[in-house]
Each structure stands twice: as structure tokens, then as C-alpha cells.
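Student:
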Amino acid sequence: MDKILNMPRQSARITLRTKTVSMIVLILIALIILLYAVSRYIMLDSFTHLESETADLNVHRLLGALDGELASMNMTAADWAWWGDTYEFIQDGNQAYIDENITDHTFINLNLNLLVFLNESGQLTFGQEFDLETQHIKPLSVGLGTQVLDHRLPIDPSDPTSHLQGVLILPEGPILIVAWPILNSHGEGPPQGTLILGRYLTQTQLENLSTMIYLSVDMQYWNDPNLSADDRTALEHLRAGQAVYVRPLNDDTVAGYTLYPDVYGSPALLLRVTMPRDIYHQGQEAVAYALLAILIVGLVFILVTIVLLERLVLTRVGRLSRNLSRIEKTSDLTARVPVQGQDELANLAHSINSMLTALEQSQRIVMDSQTRLQQVVTSISDGIYVAEINREKQIISHEILSSRHADFTGYPLENFITDWEFWQTIIHPDDRALAATNLTRFLNGQDSEAEYRIITASGDSIWVRDSGHVEPNPTRDTLLLFGVISNITERKRTEQALRESEDRYRTLFNHAGDSIFVHDIEGRFLDVNQAACERLGYSREELLQMNLKDIDAPEYAALIPQRMENLFRAGSAFFETAHRRRDGSHFPIEISARLIEHSGQQVVLSAARDMTERSQAELAVRWQRDRAQQYLDIAGVMLIALNQRGEITLINRMGCSILGYEQDELLGKNWFDVCIPAYFREPMRDVFRRLMAGRVELVEYQEGPVQIHAGSERLIAWHHTLLRDEAGHIIGMLSSGQDITENRRFEHALRESE
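Per the numbering used here, the sequence shown starts with residue 385, numbered consecutively.
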């Protein structure tokens, strides 16, 4: 640097100018080349893409022309097939129809090579071929007879809507055919046969297609062994699933290919449309003009850049260099370089002056930084230390040692400063091997962390976490160990309390009388208790590999998604289902499920109670109810029975009559949701729940409103009795009611009249 600053002024300017100008010229030349390459790629790619799209469009024009030929033949076939004379001919085969309608002029005017009539059995009634070139009738070809008369065409002669169009490959050549069912003049009635028209795809027909689309059209069999290399390449792409394949044949011609299927849907013809490459040539000319424009603009830009660079940069940089050389020779840090202008060079001069000012203040800043660092280290609750490790893997000094070491050990800080091995002496005897391993990693230049106990000055034992990071010393051939000593005694106590709580939970969990399951939202079991294993007949390890669907009875497995959705919406759920044991037997259960947090994820805690005995009691009640239903239906009062959930388990004919429902519409429905008015519903439901739980006494007589199907209300006088199982447990309520609506109205009217 000193040599450069002490060079003569002219030499420095020439060297800097030469390097700068050379670099600018090289960059601009590279930029011009890059711009040319990119523009050529983009433009030629765009023109090539446009050429391909045009070729693709022309191929579809050819297909459209072929479809037009078939459409014309379809119109002719429909006109002939739905003609009363044809309908009669195919039934009686009269020769007059042939003589009057099928002549040489018929084939010439309709541009047809083939006319075939098949009866409803598919047998040939009449058929002729006509050579449009020689204008002579000839017999049906053997290949045509093989495919048409042997019923190989994919058409149903008995279906009035079935018709066929497409190309058929014959030994005589490809032929366009259409087939229509022969119906009456109204297009109705069962088909009496099939009319088939055909037109060979001769060279003359191809020339007509070329004339229609103003392009050259070629046709070859797709399996022709004499296909050219270009044609075989196109065929490979088309058979791979490409609808249209475009390929330049040379610099002047591009071809578009497509496979045309036969009436059976199999590949038949390889069609090719060729067109001149006018679009591509236009793209080449556009690229040439773009290159010329880029060269001209680039040269002008180079000249302007060199002139501006000389005036605005190089001269001022030389002046700045001379001023810096003067300061370097005098070592005068109070000197400043002149500042001219308000651009980047002026900012550079300002920066140099700021740097010179900063050098005067650097020592004070370093001292202030050290003071602040010590304050930060002191304010941190953890013990911070920085130690130096020599090449012999020994700690030779402590660069930094915070006072927190003395705070949580109770020993003077000087003990650790004067003797770095003092820390090793206060480590708990049972943990010294672990601490020694941690220290060995540090000395070997490895990051490490360990948790162990130390003995404080008061004799207490506390837990600490010793973690450190080792990196090379930038100023000496040693290593620096950056370490943190954290007092984790409270955390260890919390962990111990958590483990004890977990042990208590596990004891309660495994000794619960009900089956308890913990599963994720997918139904996979995360934990099960011993009761669950015993009832299902599986080991705990087996159940933890299973899913809800594996233990639910098949008739309830389909309800799992809906029940999970209800659970996640409400946070808890209560329902009845059935589980399947290992031996395949089923038993009813009652599930109480709730969402909980487990190992950082949301899971489901479910308690399952075996309801076998209660289900048997309910079955007995249900049998008695069915037995009594016949007697209840002849009763003159309204009779209903509710289970513990308030669901209607029995209702007689009089009750259905008063409420306006069919019996099937009420059984299994909740009485309070369906038949109690909204304003009275929740109080009545609450009383019923407490009654079922045995917390309130039964009121045998009660008057209350019901809501009938029509929406109006009726007043019912009720008499209630509780239903109990053999053990005396409440399982529901039986009520008889009499409609007293009219009585109350009469009494009210009587009071009004008085």
C-alpha cells in the first residue's frame, strides 16, 4: 500500500485508468454477448414456438377437413337410411328401388366408392363398389367383405341410435366409411338393417384435402416398414401419447404429424402436413437486426462511460490518493482530507475523516466496552467464565470469571481465580466421574454439557448445569473455552415432583375399575390401563399397536369419525357402544371421553364402563314393554315411557293420536326436544335428570303443556311412576296423561260468563 501511495502521480493515473477502462470494456463486451445470446434464445424460441403452434393448427385443419368429409357422408347416409323407400326395400328387396336409385350417377354425384345394404340380421341385401377414376362398377372387395359381412364393425344393428364413422383399413387401401340404422321417414321404428357408405382415401382425395387447407398433405400406414427416419421419429412421439408432433424437416420446411385411428380405435394412418418455414426465417432476420442494434448501442455506451469516468471519478481518486500519502508520511492523525462535492467520493472523504477521528477515541471506547462487558456478566444470574486452554490440554488462566460463582457456592471468588482446579474439589463425589468426562471434552476442543451436583460452603448439595463452547484463540496458539454455570436445583426439584406425580397417576390409572384409554386424534392408542387389557384379552404391548377400529364392534366402527368430530367440537362426549374381545365376543360399554394435553399434543382420554348387566336389565324391560304394548294401545289415556336419557321407549296409540305423530316418528326421540314447548323445555329436562339421579322426590300428579306435531299446544294431566330394575335402580319413568285442554277452556269460559 505504501509503495502504491508513493508512486509518481502520472504512473498511478495511467495504471488505474487502464485497469478501469479495460474492465469496463470487457464487462460491456461480455454484456453485449450475453444480451445477444439471451435475445437470440428468447426471440428464436418464440418464433419456433409460433411456428410449432401454426403447424399444430394446420394439422387440426387437416383433421377438420377429414371430419368435414365424414360429416358430409353422414348427412348423405342419414338422408338415405331414413327414407321410406329404403325402409321398404330392406324388407322386400324390390329391384325397382335398385334400378331407380342406384346408378353410376349416384356414385359420381355423391363421390362414393361403396354402397352396402345389410338386413336386420346383418346379411348382405345389396352392395356395390364403384371406381371413381374409371367410373365403372366393380364387385365388393374381399377385405371389405371380411370386415363388414362378418359383423366385425363396432355397431349394434338393433340400436336405432347406433351409427359409425371413421376410416377402415382394407387391402385395397384406406376408406372413409359411415354406417346408419335404416329407419322410416320419421327416423323411428326398430332398425330393419344398416346402410354403409364408403369413400377411398386415394391420391386424388389427398390432393383435394391439400387444396382445401392450402398445404401439402401426405398419408402413410402407421406400421409401414418403409417409413422414413423423420416419420419413425414422429411415430414414436405420437404413440407415446402426443396428439400432434411438429418437426422441422430442413431449414425451409416444417412438418406436423398426427395418428388417425380406424373405426376400432386403433392407430391406422400417419398423416403429415408440410409448410414452409417463413416464420422461422423472419425470426432469424429479427435476431440479426437486434444484434446490430446491440452493437451500436454498446459502442456508444462504452465511449460515454469512459469520458464520464475520467471526468467524474479517476481525476478525483488521484487527488484523494495524494492527500492520503501526505497524511501517511507525516503520521498526523489530526489532518483531514479535503471534501469536494456531494457524491460517493465525497462520502468516502467524509468516511476517511471520520475514521481518523475514531482512531483518536478508540482506546477510550475499548475501555468503556470492557467496563460494560463486566457489568453485563455481573448482572446475569448464571456464572460466566472464559478460560484459556494450551496445546498440552491444560487450563492456564481464566480470562473472565463472574461473581455468581461465589454467590451460589458460598466460597470466595478468589478461591476460583487463584486455583482453577478448586472447582473440581467441590463437585459431589458421586458426580465427579461425569464432571471429569465433561472437562475432558472441553480440553479436547469439543463443545459439551453436563448436569451434576456440587457441595456449597454451607454443606448443602445443589444441582448445576455446566455447558461450554470451545473455539480457537484469534491472538494466540491456544483455545478459548466459553462456559456457563447455571443453578438448576429448583428445576431438579420440579422434575422429581413431576415424576412422583406421574407415579401416583400411573397407580390410579392401572387400578381403576373402568377401562381407560389414551389415544390420538387418529384413534391410535398411546396408553391403556390393566382393566382394559383384562376386559379385551390383549396385553398392553398388543393394544399399543392397535387402533379404536380394532376393538370397536363392526356395527359401531363407522360411527367413530362422527363421534370424534362431536368430541372436538364440544371438548367432551358421552355415548354407548360395544367393544370386541380378542375371542371375537362383544360386550356393551358406556364411554366418557374428554380432550386433554399429553406430551405436548392434544389427545383423547376415555373411560369405558362395562354395561353388560345394565343392558340385560334394559332388555328385560324392553321385553315387558313389548308384551304390554298390546294392552296399552287399547287404553283410553295417553301412556309413555322414557329411559334415563329422556328418550321415548314406549308410547301407545292414544299418545300418538294426541301428539299427531306416527309411533315410528317418536320412538327413540328425546321427549323434551320433540314434545315440550321451548319455554318449558330446559326446566323440565333439569327436573327429569335430577329425578333419574334420585336427587328429588317424584310428584305423582302434574299438569303441563305439550307441543303437538301441528305446532299448537295441548294441556295434559299427568300421573307418573318410576321404572326400576331388579336391583331397585331407577331406569326410567312411566307416565299416563289425559288431554284436559277442552275442560280447562270450558272452565275458563264458565268463569268469564259469571
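We put the CB at the ideal spot given by N, CA and C, even for glycine.
None of these values were measured; they are calculated from a predicted model.
Considering only the alpha carbon of each residue, which of 930, 456, 994 lies closest to residue 561?
Tutor: Locating residue 561 in the sequence shown gives position 177, counting from the first residue. The candidate whose alpha carbon is nearest that of residue 561 is 456.
Student: Which one of 964, 925, 817, 1137 has the shortest CA to CA distance from residue 939?
Tutor: Your numbering for residue 939 matches position 555 in the sequence shown. Among 964, 925, 817, 1137, the Cα nearest to that of residue 939 is on 964.
Student: What residue from 979, 920, 969 has the CA that sits closest to residue 953's CA?
Tutor: Here residue 953 is taken as the residue at index 569 of the sequence shown, counted from 1. Cα-wise, what sits closest to residue 953 is 979.
Student: Kindly give me the distance between the Cβ atoms of residue 539 and residue 474, rounded to whole angstroms, as I take these residues to be in contact under 8 angstroms.
Tutor: Stepping through the sequence shown from its first residue, residue 539 is reached at position 155. Stepping through the sequence shown from its first residue, residue 474 is reached at position 90. Incorrect: roughly 15 angstroms between the Cβ atoms, too far for contact.
Student: Under 8 angstroms by Cβ, that's how I've got residue 862 and residue 798 pegged, so tell me the actual separation to the nearest angstrom.
Tutor: Translated into positions along the sequence shown, residue 862 becomes position 478. Translated into positions along the sequence shown, residue 798 becomes position 414. Not quite, the Cβ-Cβ distance comes to about 24 angstroms (not below 8 angstroms), so this is no contact.
Student: Could you please give the first and the last residue of the uninterrupted alpha helix (DSSP H) stretch that includes residue 1076?
Tutor: Counting from 1 along the sequence shown, the entry for residue 1076 is found at position 692. That run of the alpha helix (DSSP H) goes 1062-1076.
Student: Measure the Cβ-Cβ separation of residue 497 and residue 583 and say whether it is below 8 angstroms.
Tutor: Translated into the one-based positions of the sequence shown, residue 497 becomes position 113. Translated into the one-based positions of the sequence shown, residue 583 becomes position 199. Cβ distance < 8 angstroms, so residue 497 and residue 583 count as in contact.
Student: In the structure shown, what three-state DSSP assignment does residue 539 receive?
Tutor: The count along the sequence shown starts at 1 and reaches residue 539 at position 155. Reduced to three states, the DSSP call for residue 539 is coil.
Student: Short check: CB of residue 1162 to CB of residue 1051, under 8 angstroms?
Tutor: Residue 1162 lies beyond the residue range present for the chain, which begins at 385 and ends at 1138; the question has no answer from this structure.
Student: Determine whether the beta carbon atoms of residue 944 and residue 907 lie at a separation below 8 angstroms.
Tutor: Residue mapping note: residue 944 aligns to position 560 of the sequence shown, counting from 1. Residue mapping note: residue 907 aligns to position 523 of the sequence shown, counting from 1. A contact, by the Cβ cut-off of 8 angstroms.
Student: For residue 922, is the classification buried or exposed, using 16 other Cβ atoms within 10 angstroms of its Cβ as the cut-off for buried?
Tutor: Residue mapping note: residue 922 aligns to position 538 of the sequence shown, counting from 1. Classification of residue 922: buried, given that the 10 Å Cβ count is 16 or more.
Student: Quick check on residue 1049: does DSSP put it in helix, strand or coil?
Tutor: What you label residue 1049 is simply residue 665 of the sequence shown in a count that begins at 1. Here residue 1049 sits in helix by DSSP.
Student: Starting from the Cα of residue 508, find the closest Cα among 488, 994, 531 and give me that residue.
Tutor: Position 124 of the sequence shown holds residue 508. Residue 508 has its Cα closest to that of 531, out of 488, 994, 531.
Student: Going by Cα to Cα distance, which pick from 490, 675, 900 is closest to residue 911?
Tutor: Your numbering for residue 911 matches position 527 in the sequence shown. Of the candidates 490, 675, 900, the one whose C-alpha sits nearest the C-alpha of residue 911 is 900.
Student: If you count every other CB in all the chains shown that lies within 10 Å of the CB of residue 598, and 16 or more means buried, which is it?
Tutor: Working through the sequence shown from its first residue, we reach residue 598 at position 214. Classification for residue 598: exposed.
Student: If we ignore side chains and look at the alpha-carbon of each, how far apart do residue 483 and residue 592 end up?
Tutor: Position 99 of the sequence shown, counting from 1, holds the residue named residue 483. Position 208 of the sequence shown, counting from 1, holds the residue named residue 592. So the two alpha carbons sit approximately 31 angstroms from each other.
Student: Starting from residue 1024, trace the beta strand (DSSP E) in both directions and tell me its first and last residue.
Tutor: The residue labelled residue 1024 in the question sits at position 640 within the sequence shown. From DSSP, the beta strand (DSSP E) with residue 1024 extends over 1022-1027.
Student: Would you report the Cα separation of residue 827 and residue 805, rounded to the nearest angstrom?
Tutor: Working through the sequence shown from its first residue, we reach residue 827 at position 443. Working through the sequence shown from its first residue, we reach residue 805 at position 421. Their backbone Cα atoms lie some 14 angstroms apart in a straight line.
Student: Would you mind sorting residue 1127 into buried or exposed? The rule is 16 or more other CB atoms within 10 Å of its CB.
Tutor: Here residue 1127 corresponds to residue number 743 of the sequence shown, with the count starting at 1. It is exposed - the Cβ of residue 1127 has fewer than 16 other Cβ atoms within 10 Å.
Student: Reducing DSSP to helix, strand and coil, say where residue 747 ends up.
Tutor: On the sequence shown, residue 747 is found 363 positions in, with the first residue counted as 1. Unreliable positioning characterises residue 747 in this predicted model, as indicated by a pLDDT of 45, which lies under 50. The coordinate reading is nonetheless provided below. Looking at residue 747 - three-state DSSP - the assignment turns out to be helix.
Student: Which first and last residues belong to the alpha helix (DSSP H) in which residue 666 is found?
Tutor: Here residue 666 refers to the residue found at position 282 of the sequence shown. Element bounds for residue 666: 662-693.
Student: What first and last residue would you give for the alpha helix (DSSP H) that runs through residue 914?
Tutor: Here residue 914 corresponds to residue number 530 of the sequence shown, with the count starting at 1. From DSSP, the alpha helix (DSSP H) with residue 914 extends over 914-920.
Student: Pull the bridge partners of residue 549 from the DSSP assignment, please.
Tutor: Indexing the sequence shown from 1 puts residue 549 at position 165. In DSSP, residue 549 forms a bridge with 562.
Student: If you draw a straight line from the alpha carbon of residue 1073 to that of residue 905, how long is it in whole angstroms?
Tutor: In the sequence shown, residue 1073 corresponds to position 689, counting from 1. In the sequence shown, residue 905 corresponds to position 521, counting from 1. Straight-line Cα distance between these residues: approximately 31 angstroms.
Student: Can you tell me the Cα-Cα spacing of residue 725 and residue 709, whole angstroms?
Tutor: Locating residue 725 in the sequence shown gives position 341, where the first residue counts as 1. Locating residue 709 in the sequence shown gives position 325, where the first residue counts as 1. Looking at the two C-alpha atoms, the distance is approximately 21 angstroms.
Student: For residue 1062 and residue 1069, what's the separation of their Cα atoms in angstroms?
Tutor: In the sequence shown, counting from the first residue as 1, residue 1062 sits at position 678. In the sequence shown, counting from the first residue as 1, residue 1069 sits at position 685. Approximately 11 angstroms between the Cα atoms of the pair.
Student: When the Cα atoms are used, what is the spatial distance from residue 720 to residue 403?
Tutor: Here the question's residue 720 lines up with position 336 in the sequence shown. Here the question's residue 403 lines up with position 19 in the sequence shown. Cα to Cα, residue 720 sits roughly 28 angstroms from residue 403.
Student: Can you give me the Cβ contacts of residue 747 inside the same chain, cut-off strictly under 8 angstroms, excluding the 5 residues immediately before and after it?
Tutor: Locating residue 747 in the sequence shown gives position 363, where the first residue counts as 1. Below a pLDDT of 50, predicted positions are generally treated as unreliable, and residue 747, at 45, falls in that range; no measurement from the model is reported.
Student: How about residue 937 and residue 962: do their beta carbons lie closer than 8 angstroms?
Tutor: As a first step, residue 937 is located in the sequence shown; it is residue number 553 there, counting from the start. As a first step, residue 962 is located in the sequence shown; it is residue number 578 there, counting from the start. Yes; because the gap between Cβ atoms is below 8 angstroms, this pair is in contact.
Student: Which stretch, first to last residue, makes up the alpha helix (DSSP H) that contains residue 330?
Tutor: Since the first residue of the chain shown is 385 and the last is 1138, residue 330 is not available in this structure.
Student: Would you say residue 511 and residue 494 are within 8 angstroms of each other, going by their C-beta atoms?
Tutor: Walking along the sequence shown from the start, residue 511 turns up at place 127. Walking along the sequence shown from the start, residue 494 turns up at place 110. No; because the gap between Cβ atoms is not below 8 angstroms, this pair is not in contact.
Student: Roughly how many angstroms lie between the CA atoms of residue 935 and residue 926, to the nearest whole one?
Tutor: Position 551 of the sequence shown, counted from the start, is the residue given in the question as residue 935. Position 542 of the sequence shown, counted from the start, is the residue given in the question as residue 926. Taking the straight line joining both Cα atoms gives about 12 angstroms.
Student: Give every residue of the same chain whose Cβ lies closer than 7 angstroms to the Cβ of residue 458, excluding the five residues on either side of it in the sequence, and list them in chain order.
Tutor: Taking the first residue of the sequence shown as 1, we reach residue 458 at position 74. So the qualifying residues of the chain are 549, 562.
Student: Name the two residues that bound the continuous alpha helix (DSSP H) containing residue 1055.
Tutor: Locating residue 1055 in the sequence shown gives position 671, where the first residue counts as 1. Note, residue 1055: alpha helix (DSSP H), 1055-1059.
Student: How far does the alpha helix (DSSP H) with residue 1117 in it extend, from its first residue to its last?
Tutor: Taking the first residue of the sequence shown as position 1, residue 1117 is located at position 733. It is not in any alpha helix (DSSP H) - residue 1117 instead sits in the beta strand (DSSP E) that spans 1114-1123.
Student: Could you tell me if residue 541 is buried or exposed, where buried requires 16 or more neighbouring beta carbons within 10 angstroms of its beta carbon?
Tutor: Along the sequence shown, read from residue 1 onward, the residue named residue 541 stands at position 157. Buried, since its Cβ has 16 or more Cβ neighbours within 10 Å.
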